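Please read the structure below before turning to the comments.
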Amino acid sequence: MTARVPLTLFEKLWRRHLVVPETEEHPPVVYIDLHLIHEVTSPQAFTELEARGLPVRRPDRTAATMDHSTPTLVDENGRPRFFNRETEAQVETLRRNCEKFGIPLYALGDSRQGIVHVIGPELGLTRPGMTIVCGDSHTSTHGAFGAWAFGIGTTEVGHVLATQCLLQSKPKTFEVRIDGLLAHGVTAKDLILAIIREIGVDGGIGHAIEYRGSAIEALSMEERMTVCNMSIEGGARAGLIAPDETTFQYLEGRPQSPKGRDWDRAVSDWKSLPTDPGAPYDRTVSLDASKIEPMLTYGTNPGMSVRIGDAIPRDANEKSLRYMGVSPGEKLLGKPVDVVFIGSCTNSRISDLRLAASVMKGRRVAGGVRALVVPGSQEVKRQAAAEGLDRIFREAGAEWREPGCSMCIAMNGDQLSPGELAISTSNRNFEGRQGKGGRTILASPLTAAAAAVTGKITDARTLME
Amino acid sequence: MDPIKSVTSKTVVLPVDNVDTDQIIPARFLTTTTKEGLGTNLFADWRRDPDFVLNREEAKGAQVLVAGENFGCGSSREHAPWALLGFGFRAVVSRSIADIFKANAVKNGLVPVEVGEEIHRALLDHPGWVVTVDLERRLLVLPDGREAAFPIDGFARHCLLQGIDPLDFLREQEDKIRAYEAAT
């Protein structure tokens, strides 16, 4: 019997997708199983294809949706109310390109439309063992299924459209080990913010992260997606979690999931993916989940965060604090907010909306606060309506919108005014990210909902039974 | 893409860490369907400050941007290198550059140059230094005579030096891609 070398999940995915190994002359060529596209980062790639007279090599391995610049408001006839002509033209360009190249499109108006990183898993397009790319850095979300998923630029979108392959140097592996259990009122969002604070916003550069440990195993698929989603905020293009029974249960019966004997075969293959005991990682960090508290960002990158009751560090970056209008040593608890945004590819799934609704139920959005709840997809929106969550939000005085990226990227007119302070369940608190001059505090859906009903930064645990 | 062997230029120094692509080109300018014209809005929000470095006389004609560490973090938007190139930059120097930004930069003729702490400090302390990014020798040459080696993916360097489009290389792998598809 020959001894088998123990391999990491990432190493297994790497080996499965290597088309041409690295040589002195060129980096490895890897195969892409699934290419997701949207209206903002694809038009120039299609222009390149057209200029060269090339077809899309595998439209069957490509799927498109409209999410980034799409309106979340409709007119009285149910038609989208575009913010401006440019965003409408961009959406129209995607529609034309998909028609011309034969790409399946989950367009505005389609019952399956939504944020690309919400609908991929929801439709069962995302599956363990795959390589998945999209012209969007939060493609890392799909790693929650044990896929190697990462964001690419528009030139690379063109490469994948034309060849279904990418030239890709092999990243190093980074084990982020989380043992223990999250306390009541502490969410997956708090966990990933705590991880980013630990490793730094550049800690994952050049690495693919694998999240492991008992805390990760205990998470639902939607919680795992929230964690993997923000891998890029820690500098890593990809973040992975090994597939297990939680993964299989989530995927079984999804529209694009394998059926019957194909399903059984797929599951038995997926069971071979988790990291073998003793497989080495290039780097390891460990955290104790039970010590994590609800987190808030106070600065202008996602690594600048504190536990909800803590003061802003004395040595925090001055430029960031000036932009945010906060001071070293100040506590954020009790600070009034102008806007609450619940949505984005990080926190717009049904479990996120349930959390937010659990706090907002029977309460009112505080005077002077604008609260936006934007479901991640039409499917999430329908499910929320079926559970009566939409009524809870509306009766509280929040705006219940159509699915899309909305105020996370603020391309569609959903945006902050200069100087406004928002608490947001999205992923980036960069200067002006949610609108020119706007200021963002990142937090969980529980914390965001608590701020909505109290008008100020509040520990949601004080409002929960 | 035109071949690029070296860039010799004065530097513009932006001594800020973690410059994200939302600063380089804010999302409201991503509604375009072309690559052109983005230079006008490079660092649009920071340029509202008349004293911002890119608004100063000394920035005119500079092709090398020196920035704090973790440059280009955040969104995968290739509009960021397009905007930098549109403004006239041909190289970005930092202690570390985010992965996706780096991958996007080389595909458009913007050279990402990562240097050690000492060289980085010297560059930050001397705005306007005339430096040479020598891609052939993978060296950053400073006016005080120091030379700093910088890492760059060999194939990306080859493509930049020869003006080769990597898509042509990928398309030449068609037989291997087909064989891979047949086997899986």
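Protein chains in written order, with this note's numbering: chain A, 22 to 486; chain B, 430 to 613.
Every residue gets a Cβ at the ideal spot worked out from N, C-alpha and C, and that includes glycine.
This one's a predicted model, so the numbers in the text were calculated from it and none came from an experiment.
Taken atom to atom, the span from the alpha-carbon of residue 501 of chain B to that of residue 314 of chain A is near 30 angstroms. Going by DSSP, residue 510 of chain B is part of the alpha helix (DSSP H) stretching over 508–516. The C-beta distance from residue 27 of chain A to residue 39 of chain A rounds to 19 angstroms, too long to fall under 8 angstroms, and the pair is not in contact.
Cα atoms of residue 308 of chain A and residue 357 of chain A: separation of roughly 32 angstroms, rounded to the nearest angstrom.
Taking 7 angstroms as the Cβ-Cβ cut-off, the stretch 565–587 of chain B approaches chain A at 582, 584, given in chain order. The contact set of residue 462 of chain B on chain A, defined by CB atoms closer than 8 angstroms, consists of 64, 65, 68, 110, 111, 114 in chain order. For residue 54 of chain A, the closest of A:61, A:30, A:79 by C-alpha to C-alpha distance is A:79. Its Cα nearest to that of residue 419 of chain A, the residue A:380 stands out among A:430, A:398, A:380. In this structure, residue 548 of chain B keeps its C-beta atom at 8 angstroms or more from the C-beta atom of residue 567 of chain B.
In terms of beta-carbon proximity, residue 471 of chain B stays away from the interface with chain A, with every pair separated by 8 angstroms or more. For residue 28 of chain A, the secondary structure class from DSSP, reduced to helix, strand or coil, is coil.
Under the three-state reduction of DSSP output, residue 325 of chain A falls in the coil class, being neither helix nor strand. By the rule that beta-carbons nearer than 8 angstroms mark a contact, residue 119 of chain A does not touch chain B. Nearest C-alpha to residue 344 of chain A among A:327, A:322, A:285: A:322.
Taking residue 434 of chain B as the centre and dropping the five residues before and after it, the same chain places the C-beta of 564, 565, 590 closer than 7 angstroms to its C-beta, in chain order. As a beta-bridge residue in DSSP terms, residue 228 of chain A pairs with A:193. Bounds of the alpha helix (DSSP H) holding residue 220 of chain A are 209–220. Residue 285 of chain A: member of the alpha helix (DSSP H) spanning 281–291, first to last residue. At least one CB atom of chain B sits nearer than 8 angstroms to the CB of residue 449 of chain A.
Here the alpha carbons of residue 573 of chain B and residue 155 of chain A stand approximately 44 angstroms from one another. For the stretch 443–457 of chain B, the set of residues with a beta-carbon nearer than 9 angstroms to any beta-carbon of chain A comprises 445, 446, 447, 449, 450, 451, 452, 455, 456, 457, in chain order.
In this chain, residue 249 of chain A is not harboured by any beta strand (DSSP E); it is covered by the alpha helix (DSSP H) spanning 242–250. Beta-bridge partners of residue 500 of chain B (DSSP): B:526. Annotated three-state conformation of residue 545 of chain B is coil, per DSSP. In the DSSP assignment, residue 153 of chain A is bridged to A:55, A:170.
Contacts with chain A (Cβ-Cβ distance below 7 angstroms) from the stretch 476–506 of chain B involve 498, 499, 502, 503, 504, 505, 506, listed in chain order.
Exclusion of the five residues before and after residue 432 of chain A leaves 61, 89, 90, 104, 108, 426 as the residues of its chain whose Cβ lies within less than 8 angstroms of its Cβ.
Taken through DSSP and simplified to helix, strand or coil, residue 366 of chain A comes out as coil. A straight line joining the alpha-carbon of residue 264 of chain A with that of residue 295 of chain A spans about 7 angstroms. Scanning chain A for C-beta atoms nearer than 8 angstroms to the C-beta of residue 532 of chain B yields 173, 174, 177, reported in chain order. Listed as beta-bridge partners of residue 186 of chain A by DSSP are A:52.
In this structure, A:370 is the residue among A:387, A:370, A:363 with its C-alpha nearest to the C-alpha of residue 402 of chain A. Shown here, residue 202 of chain A sits in coil according to DSSP, grouped into three states, outside any helix or strand. Scanning B:528, B:495, B:459 for the CA closest to the CA of residue 551 of chain B turns up B:495. In the three-state reduction of the DSSP assignment, residue 308 of chain A falls in the strand class. For the stretch 254–270 of chain A, the set of positions with a beta-carbon nearer than 9 angstroms to some beta-carbon of chain B reads 254, 256, 257, 258 in chain order.
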